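There are 4 protein chains.
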Amino acid sequence: MDLELALRMCEAALKQAAREGAVISVAVVDAGGHLVSFQRMEGAGFAGASLAPGKACAAAAHRRPTAELAPTAASGPGEYLSWHDRFVCVGGGIPLWADYGETERVAGGVGVSGGTAEQDVACAEAASSVWRTR
Amino acid sequence: MDLELALRMCEAALKQAAREGAVISVAVVDAGGHLVSFQRMEGAGFAGASLAPGKACAAAAHRRPTAELAPTAASGPGEYLSWHDRFVCVGGGIPLWADYGETERVAGGVGVSGGTAEQDVACAEAASSVWRTR
Amino acid sequence: MDLELALRMCEAALKQAAREGAVISVAVVDAGGHLVSFQRMEGAGFAGASLAPGKACAAAAHRRPTAELAPTAASGPGEYLSWHDRFVCVGGGIPLWADYGETERVAGGVGVSGGTAEQDVACAEAASSVWRTR
Amino acid sequence: MDLELALRMCEAALKQAAREGAVISVAVVDAGGHLVSFQRMEGAGFAGASLAPGKACAAAAHRRPTAELAPTAASGPGEYLSWHDRFVCVGGGIPLWADYGETERVAGGVGVSGGTAEQDVACAEAASSVWRTR
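Residue numbers (the UniProt record's numbering), protein chains in the order written: chain A, 1 to 134; chain B, 1 to 134; chain C, 1 to 134; chain D, 1 to 134.
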């Protein structure tokens, strides 16, 4: 996960947020869940400084979008969702994959927080599309 | 909680994981919730390094299997539980009891993370059966 | 603390790092010590993901450069400082001041980690000079 | 960092502790600083459950033995030593290197806590010699 690429991913998330009318924080982490780049928009609450890295880390750790980790409305209440400060399991975190086939592995994650769940996901997907077309 | 027994508990959990086809982390904690033994299988995500000890700690702290601590739609949101990194309240943590009757007390806990909820519970039960037959 | 300015501060720190031959992480936090921008150079250890924000936060919280907070043999052990992950009291953190005179206040902090103490301070000063000439 | 090797490293540290008459905890972490194996001897204080992983993580993160990270007696008081819960900079942590030359990298770390500084270092070195001769 190099910084130049992480910065382009953040930029793509912020552009998507502008299109969505959302005010967000965005984080990119490496394969170990450690922060590489973080940006918080003017007006975005300081919770994003924890939640965006936490979503990115959860996606990298669990190798799935955090939206899939969030239990459905039917299976439990919202308090279940975010069970650990470093592993925030609500929508907006996406793992970043490298290689293919047998050597396929998670190279990091992106996490977005601040908008609605749908906006966070859309912004994280904008960032991850930069990764996929790197 | 002695180390030799904790290691045998970890071994039992790993054997059960092999039977289940699961890739897990397993933690054994003492009565204070502090780690005695931890093992993470090759290929198990790094989240297990937090989540397995967190389940073991939660089970020891709350004196109940963490599967019972996970809130359900029927039982309410469970605000009373500690949603925090040392107390992970999803299935896979089991308290370890010592003595009987009036002196009965929790001597520790075991926690497993990495598989499905059912697999985690099965592996934790394999470990706790080593404890019960010590 | 707006993001555009925080990004220019990070850029200045990275340029100084290149001049110094150092491989760093840089963090900018707001008045509450919460991350606004973070960048970790390729090859910089993952400790920087905690230490750079921790220095920035400590500088904002204590309103002094962290180099002054690091206890010296002459000044005593400094038990009054918070030795905790959000307050890293070694050189490389600098508070960012706003206004003058009676309304003077700390608007945030910058923290750099990864080089020698001298390199970290030089990079943080490069960032804070962007702030002062904003 | 595979579990079987990590277990052999822990075993070597415990054997060295027995020779030293020390009562220790030992931790092995991967390249991201995340726990792979941990063992705490009967009678070792629960602080070891934090300190041994913290030393292993610090050694992996800073790519140096933690004994070298600890400031000398001349340069500052002891409070300086342990400035962060995940990065414990007192002797007893050793990085584990992989590959040689240009691709040389840190593959993990081992940390020992519970004895004197010299005993902790001796136990960690016993573990790391298992790594080097793997």
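From the three backbone atoms N, C-alpha and C, an ideal C-beta is built for every residue, glycine too. In this text the structure is predicted, and so the values were computed from the model without any measurement.
Confirm, please, whether the CB-CB distance from ALA31/D to ALA60/D is below 8 Å. Contact: yes.
Helix, strand or coil: how does DSSP classify TYR93/A here? A small fix is needed here, since residue 93/A is Gly in this sequence, not Tyr. Here GLY93/A sits in strand by DSSP.
According to DSSP, is ASP2/D helix, strand or coil? If DSSP states are grouped into helix, strand and coil, ASP2/D belongs with coil.
Answer with yes or no whether the minimum CB distance from ASP30/B to chain D is below 8 Å. Answer yes: the Cβ-Cβ gap between ASP30/B and chain D drops below 8 Å somewhere.
By the 10 Å Cβ neighbour count, where 16 or more other Cβ atoms means buried, how is ARG40/B classified, buried or exposed? Burial of ARG40/B is indicated by the presence of at least 16 other C-beta atoms within 10 angstroms of its C-beta.
Ignore the nearest five residues each way along the sequence and tell me which others in ARG134/B's own chain have a CB closer than 8 Å to its CB. Non-local beta-carbon contacts of ARG134/B in its own chain, meaning distances under 8 Å to residues more than five positions away in sequence, involve LEU5 in chain order.
Of the listed residues GLN16/A, ALA18/A and VAL28/A, nearest to LEU96/A (C-alpha basis): Ranked by Cα distance from LEU96/A, the first of GLN16/A, ALA18/A and VAL28/A is VAL28/A.
Please classify ALA105/C: does DSSP put it in a helix, a strand, or coil? Residue 105/C is actually Arg in this sequence, not Ala. ARG105/C sits in a strand when the DSSP states are folded into three classes.
Using the beta-carbon of each residue, which ones in chain A are nearer than 7 Å to ALA49/C? Residues of chain A with a Cβ closer than 7 Å to the Cβ of ALA49/C are, in chain order, HIS34 and LEU35.
C-alpha distance - GLY33/B paired with ARG64/B, whole-angstrom precision: The alpha-carbon separation between GLY33/B and ARG64/B amounts to approximately 13 Å.
Contact defined as beta carbons within less than 8 Å: I believe ARG19/A pairs with VAL130/A. What is the distance between those atoms, to the nearest angstrom? The C-beta separation of ARG19/A from VAL130/A comes to about 15 Å, leaving the pair out of contact by the 8 Å criterion.
Supposed close pair GLY108/C, VAL36/C - CB separation, criterion 8 Å: Taking 8 Å as the upper bound for CB-CB distance, GLY108/C and VAL36/C are in contact here, some 7 Å apart.
Along the chain, where does the alpha helix (DSSP H) that runs through ALA127/C open and close? That run of the alpha helix (DSSP H) goes 117-132.
Can you tell me whether THR103/B is buried or exposed, with buried defined as 16 or more other CB within 10 angstroms of its CB? THR103/B should be labelled exposed.
Distance between beta carbons of GLY54/D and GLY111/D, contact taken as under 8 Å: Right, their Cβ atoms sit about 7 Å apart.
Please state if the CB of CYS123/D and the CB of ALA17/D are separated by a distance shorter than 8 Å. Their beta carbons are under 8 Å apart, which means ALA17/D touches CYS123/D by this criterion.
Simplified DSSP state of ARG64/A, which is helix, strand or coil: In this structure, ARG64/A counts as coil in the three-state DSSP scheme.
Residue burial classification, GLY114/D (beta-carbon count within 10 angstroms, cutoff 16): Under this definition GLY114/D is a buried residue.
For ALA98/D, I'd like the list of residues in its chain whose CB is within less than 7 Å of its CB, leaving aside the five on either flank, ordered along the chain. Only ARG105 and ALA107 meet the Cβ criterion.
Beta strand (DSSP E) segment containing ALA27/D, residue limits: Start and end: 25-30.
Residue range of the beta strand (DSSP E) that PHE38/D falls in? Counting along the chain, the beta strand (DSSP E) containing PHE38/D begins and ends at 35-40.
For ALA52/C, write down the residues that DSSP places opposite it in a beta bridge. None, per the DSSP bridge assignment.
Cα-Cα separation, CYS2/D to ALA47/B: In the sequence as displayed, the identity of residue 2/D is Asp instead of Cys. If I take the Cα positions, the gap works out to 16 Å.
8 Å contact criterion, which PHE38/C and ALA52/C should meet: CB distance rounded: Confirmed, Cβ separation roughly 7 Å.
So for ALA98/A, helix, strand or coil by DSSP? Three-state DSSP puts ALA98/A in a strand.
Cβ pair CYS89/D, THR116/D closer than 8 Å: No, Cβ-Cβ distance for CYS89/D and THR116/D is not below 8 Å.
Kindly indicate if chain C contains any beta-carbon less than 8 Å away from that of MET41/A. Yes - at least one Cβ of chain C is within 8 Å of the one on MET41/A.
Give me the DSSP bridge partner(s) of VAL110/C. Its beta-bridge partners are VAL28/C and ILE94/C.
By the 10 Å Cβ neighbour count, where 16 or more other Cβ atoms means buried, how is GLY43/A classified, buried or exposed? Classification for GLY43/A: exposed.
How about ASP120/C and GLY92/C: do their beta carbons lie closer than 8 Å? Yes.
Looking only at its chain, what residues have a beta carbon closer than 8 Å to the beta carbon of SER75/B, apart from the 5 residues adjacent to it on each side? Unreliable positioning characterises SER75/B in this predicted model, as indicated by a pLDDT of 41, which lies under 50. The coordinate reading is nonetheless provided below. Here the set comprises nothing.
By DSSP, does ALA44/A sit in helix, in strand, or in coil? It is coil, neither helix nor strand.
Report yes or no: is there a C-beta of chain A within less than 8 Å of the C-beta of PHE38/B? Judged by the 8 Å Cβ criterion, PHE38/B is not in contact with chain A.
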